[in-house]
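Sequence lines, in order, name chains A and B.
Just add 179 to the spot in the first sequence (first one is 1) and you have the numbering used here.
Just add 179 to the spot in the second sequence (first one is 1) and you have the numbering used here.
Number of protein chains: 2
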Amino acid sequence: MVIVKQARHPGPEEMTLVAVMGALSDPIRVGLVRVLADGRERGWGELRAPVAKSTLSHHLRVLRDAGLTRTRQEGTRCFVELRREDLNARFPGLLEAVLEVARGDDVGAHVGVADDSNRT
Amino acid sequence: MVIVKQARHPGPEEMTLVAVMGALSDPIRVGLVRVLADGRERGWGELRAPVAKSTLSHHLRVLRDAGLTRTRQEGTRCFVELRREDLNARFPGLLEAVLEVARGDDVGAHVGVADDSNRT
DNA sequence: TAGCTTGTTCGATGTTTTACGAACAACGAA
DNA sequence: TTCGTTGTTCGTAAAACATCGAACAAGCTA
C-alpha cells in the first residue's frame with residue numbers, strides 16, 4: 180500500500196484574498212504562475228528559477244498554501260499545475276488580470292521551464 | 180507662496196504589479212481601499228482603523244507608493260483618494276476583481292470612516 | 001542491499017514588514 | 001507669539017520573509 184503523503188491544498192472556501200495577493204507579491208512566484216498559465220502540468224524538476232532548490236521549494240509551497248497551484252506526487256517526483264478553475268470560481272477575473280499585466284511587464288522573466296528535448 | 184511638500188506619487192508606468200500585490204496583501208490596506216472605492220476623497224482623520232496613527236500613516240504610505248492612492252495636502256490636513264482611473268489603465272480589471280472579492284469576504288472589516296455627523 | 005535521484009525540512013542569516021509611542025514639523029487659531 | 005491640531009518621521013522591537021547549504025526521507029535502480 181503506497182501512502183504518498185500528499186501536501187495539503189486549501190479548498191476554494193479556505194482561500195483568502197490576502198494570502199493570494201501575498202503569494203503574488205514576489206516576482207519569482209509570479210513567474211512560476213506565468214509558466215503554469217498555459218494549463219499544462221509541469222514537472223518540478225522542469226521548472227527553472229534563479230534560486231536554490233530549497234528556495235524554489237519554499238516558493239512552490241507558498242503558492243500551494245495560498246491555493247494557486249496543485250502539487251501531485253508520483254513516485255519520487257512531483258508535478259505542479261495552476262488551479263485555474265478554482266481560482267476563477269473563487270476570485271473571478273483576478274488571475275486573468277494578473278496574468279495580463281505579468282505578461283506585459285514580463286514579470287518573473289527569469290523563471291521558465293527546461294527546454295525538454297525529449298518531447299516534440 | 181505656499182510650498183506644501185507633496186508626497187511623491189508614481190506615474191502609471193512606474194507602478195509595478197508586485198508592489199501593488201504587496202500593498203494589497205494586508206487586510207487593513209485592503210480595507211482602506213474598500214473605503215475609498217466609492218470614489219470619494221476622504222480626510223485622513225476621517226479614516227478609522229484599529230492601529231496607531233503612525234501605523235495608519237505607514238499603511239497609507241505603502242498604498243501611495245504602490246500607486247493605489249493619491250494624497251493631497253491642504254493646510255494642515257490631508258485627503259486621500261483611490262487612483263481608480265490610473266489603476267484601470269495600468270492594471271485593467273485588477274481593481275474591480277479585488278474589490279469584488281474584498282466585499283464578498285468582508286476583508287478589512289474593521290476599517291471605516293468616522294460617522295461624520297455634520298453632513299446628512 | 002547499496003546507491004542515486006528528487007524534493008522537503010532544518011537551521012542560520014540578513015532583510016523587510018508591522019507595530020507602537022515619542023518627538024517633530026507645519027499650519028491655523030487665540 | 002504661544003498653543004492646539006494634524007500627520008510624518010524616528011527609534012525600537014517583534015514577527016515574517018527570502019535565501020542558502022546541509023541533512024533528510026522516500027522511492028527507484030543496479
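Glycine included, C-beta positions come from ideal geometry on N, C-alpha and C.
Checklist entry - Can G272(A) and A276(B) be called in contact, C-beta distance under 7 Å? => result For the 7 Å CB-CB criterion, G272(A) and A276(B) form a contact.
Next on the checklist: With a threshold of 6 Å on Cβ separation, who are the neighbours of L196(B) within its own chain once the five nearest residues in sequence on each side are excluded?
Outcome noted: If we look at L196(B) and ignore the five residues flanking it on each side, it has no Cβ neighbours.
Item to check | chain B contact for S204(A) (CB, 7 Å cutoff) | outcome: By the rule that beta-carbons nearer than 7 Å mark a contact, S204(A) touches chain B.
Item to check | Listed by chain order, chain A residues near L273(B) by CB distance under 9 Å | outcome: Here the neighbours are G272, L273, A276, V277, E279, V280.
Checklist entry - From the beta carbon of G246(A), is the nearest beta carbon of chain B less than 7 Å away? => result No - not a single Cβ of chain B is within 7 Å of the one on G246(A).
Item to check | Closest by C-alpha distance to E260(A), when choosing among T250(A), E225(A), N267(A) | outcome: When only C-alpha atoms are compared, the closest one is T250(A).
Item to check | Length of the line joining the Cα atoms of R187(B) and D244(B) | outcome: The alpha-carbon atoms of R187(B) and D244(B) are separated by roughly 8 Å.
Checklist entry - Considering only residues of the region 189-267 of chain B, which uninterrupted alpha helix (DSSP H) runs meet the minimum length of 4 residues and lie entirely inside it, listed in chain order? => result The region 189-267 of chain B contains these whole alpha helix (DSSP H) runs: 196-202, 206-215, 232-245.
Checklist entry - Applying a beta-carbon distance threshold of less than 8 Å, which residues of chain B neighbour D284(A)? => result Those are T195, L196, listed as they occur along chain B.
Checklist entry - Apart from the five residues on each side of it in sequence, which residues of its chain come closer than 6 Å, Cβ to Cβ, to L266(A)? => result L274, listed in sequence order.
Next on the checklist: Less than 7 Å between the beta carbons of M194(A) and G246(A), yes or no?
Outcome noted: Yes.
Checklist entry - Are any of the Cβ atoms in chain B nearer than 7 Å to that of G201(A)? => result It does: the Cβ of G201(A) has a partner Cβ on chain B nearer than 7 Å.
Checklist entry - Is it right to say P191(A) is buried, meaning 16 or more other beta carbons lie within 10 angstroms of its own, or is it exposed? => result By the 10 Å Cβ count, P191(A) comes out exposed.
Checklist entry - Got a sec? Which residues, its chain only, sit under 7 Å from G222(B) by beta carbon, not counting five neighbours each side? => result Taken in chain order, the residues that qualify are R256, F258.
Checklist entry - To the nearest whole angstrom, what separates the beta carbons of G291(B) and R227(B), a pair I think is in contact under 8 Å? => result Approximately 5 Å separates the beta-carbon atoms of G291(B) and R227(B); this is inside 8 Å, confirming the contact.
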